Every structure is written in C-alpha cells, then in structure tokens.
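Protein chains in written order, with the numbering used here: chain A, 1 to 133; chain B, 1001 to 1133. Glycine is no exception: its CB is placed at the ideal position from the N, C-alpha and C atoms. Computed from a prediction, not measured in an experiment: that's the story for all the values here. Have a look at the structure below, then the notes.
Right under this line is the structure:
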C-alpha cells in the first residue's frame, strides 16, 4: 500500500469509526504518543487525548447525532506527518475537514481534526467513500 | 530557541505577513517542497502552492481586508511536522485556525491553514501576540 493510500485508509477508518459509533476504533485511531487536539464545528478547541476522546464519546454516544459521509479526500504527505482534507456530508450539508496524522510504524495515527462550514462542494468526478453503519 | 518556540515563531511570522500585507514574507513562509493547501473561512479548499499564494495575494491586496490578530497560540510538535491552533480576532469576532508546518532545516514552513468560526474565546491569562502593521 502506498503512503498516500495508507493515509487515506486511516482517514477512512476515522469516518468509519465516527459513522459506526465505534468508540474503541476511534480511541485506537488517535495517537497516544504525540500531543493531540480537536476542533469540532463551531466549538472551542479541545486539547489533550483524554478530553478529545471524551468529546468523541459524547458525539458517538448521542443517538440523535446525524450520519456523516466523507467525500473527495485529498492526502498530503509531509515527512513523518501528513494530513487529509475532505468534505463531510451531514444531513445534506457540507463541512470541510482537516485531519492531521502522524506515522506510527506502518500505520497513521490521528493528532488533530478541525471541521467547519464551507461554501464548496466535493468534486463529483472523484471517487467517494460512503461510510455505512 | 526550543522547537516549540520556533514553531510559534513561524506562526507569528504568518500573522505578521498577513496583518502587514507582506506578500514576499507570506510567499517565503509557505513550503516550496511539501504539497500545500489552504481553507479560508467558508471557502472551498485551495490546493497547490501557486493557487494558495494567489489567494493570499488577493486577500493581502484587498485594501478593505480587516486587520487580524492572533491569540492564544498552542504549538503541537509531531516529529518532522507540527501544527499550531490559535484564535484569530477579526473586527471583534473570533475565528479558530489550524496552521500546519513542516521542518525545513532550523525553520518551519507552512503547508496548510484552515480557519473557521468558533464559539470559543482565547484564554485571557495566556500571553497574546498583537500583530501590528
């Protein structure tokens, strides 16, 4: 698997854990070596693994949390790190996310996520990932 | 200078170039080796150095562009990369930014910027950087 594919795979795993309400997978995905942070849409920033995972537990544990689909993910490799920019579709609206990862052996672990509103839409011609529960 | 200080210095240089409408400094700040991207508040994502710098030329060249101040910047080192989360104050409103950097010798070069709305406010007790023209 190429570096870019592995990075996209980690990004896909994040949305699979998110959409699948899989807190165990979400917990394993976030780095427990590098410092982490998270900015949910409109929220203040969250710093530190415990607080970040607490926020995901609350989101994933909320039965009325709408489904999310990831579209048009673009990987950027920067040495031992990397990030993915992608659209998130939530109830027919699009958000734009930056997901930052760090290498952990052959895997990539998440160190940061920021998502916010966008006027853009995913390119229709690019392959799209449909995350299904 | 510690790694964290150097990363914060690069982040400060970014806001200094932004507030000072200094396109030359902004151009030097962005990596010309690693792939780059940028998500201005509400915009669709911009991919590639030329397009990213074109967007900054338009923003910096816009005389009615309001001033920006950076507050409460927090550095995160992740191997050969790093990112800074900070508040941006624009006309009394706060945005939340993620700025991603990659090491280039002893300096840090920018590879990604995303800024968007937040309900948060910078911590009043942390030192704040006031960018002055």
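Q) beta strand (DSSP E) containing residue 109 of chain A: first to last residue? A) 107-117
Q: Would you list, in chain order, the members of the segment 12-45 of chain A that have their beta-carbon closer than 7 Å to a beta-carbon of chain D?
A: Judged by its chain identifiers, the structure shown contains no chain D, and its protein chains are A and B.
(Q) Counting only Cβ pairs nearer than 7 Å, list the residues of chain A close to residue 1090 of chain B. (A) What residue 1090 of chain B touches in chain A: nothing, since even the nearest Cβ is about 15 Å away.
Q. I think residue 1078 of chain B touches residue 114 of chain A, with their Cβ atoms under 8 Å apart; what is that distance to the nearest whole Å?
A. In fact, because the Cβ distance is near 15 Å, the residues do not count as touching under 8 Å.
Q.
Could you compute how far the alpha carbon of residue 1135 of chain B sits from the alpha carbon of residue 1112 of chain B?
A. There is no way to answer for residue 1135 of chain B, as the model of chain B reaches only from 1001 to 1133.
Q.
Measuring alpha carbon to alpha carbon, tell me which residue in B/1060, B/1043 and B/1104 is nearest residue 1023 of chain B.
A. B/1060
Q.
Please report the distance separating the alpha-carbon of residue 52 of chain A from that of residue 37 of chain A.
A. If I take the Cα positions, the gap works out to 7 Å.
Q. Mind checking whether residue 1025 of chain B and residue 1034 of chain B have CB atoms under 8 Å apart?
A. no
**Q.** Short CB-CB distance (under 8 Å) between residue 1074 of chain B and chain A
**A.** yes
Q) When you compare each of A/71, A/42 and A/48 to residue 120 of chain A by their alpha carbons, which one comes out closest? A) A/71
Q. Can you name, in chain order, every residue of its own chain whose Cβ lies under 7 Å from the Cβ of residue 65 of chain A, other than the five neighbours on each side?
A. 59
Q. Based on the DSSP secondary-structure assignment, which residues constitute the bridge partners of residue 59 of chain A?
A. In DSSP, residue 59 of chain A forms no bridge with anything.
Q) Between the beta-carbon of residue 1073 of chain B and the beta-carbon of residue 1008 of chain B, is there less than 8 Å? A) yes
Q) Mind checking residue 1002 of chain B: buried by the 16 CB within 10 Å criterion, or exposed? A) exposed
Q: Determine the direct distance from the alpha carbon of residue 14 of chain A to that of residue 117 of chain A, and round the result to whole angstroms.
A: Residue 117 of chain A and residue 14 of chain A: Cα-Cα distance of roughly 19 Å.
Q. Along chain B, which residues have their Cβ under 8 Å away from the Cβ of residue 59 of chain A?
A. Near residue 59 of chain A there are no residues of chain B at all, since even the closest Cβ is about 16 Å away, more than 8 Å.
Q. What did DSSP end up calling residue 36 of chain A once you bin it into helix, strand or coil?
A. coil
Q. Which residues in the same chain have their Cβ closer than 6 Å to the Cβ of residue 1103 of chain B, if we skip the five residues on either side of it in sequence?
A. 1080
Q | Identity of the residues DSSP links to residue 93 of chain A by a beta bridge | A | A/90
Q) Within the 8 Å Cβ cut-off, does residue 1100 of chain B reach chain A? A) yes
Q) Using 8 Å as the limit for Cβ to Cβ distance, is residue 114 of chain A near chain B? A) yes
Q.
What does DSSP give as the partner residue(s) for residue 1069 of chain B in the beta ladder?
A. B/1089
Q) From residue 1050 of chain B to residue 62 of chain A, what does the alpha carbon distance come to, in whole angstroms? A) In this structure, the alpha-carbon of residue 1050 of chain B lies about 42 Å from that of residue 62 of chain A.
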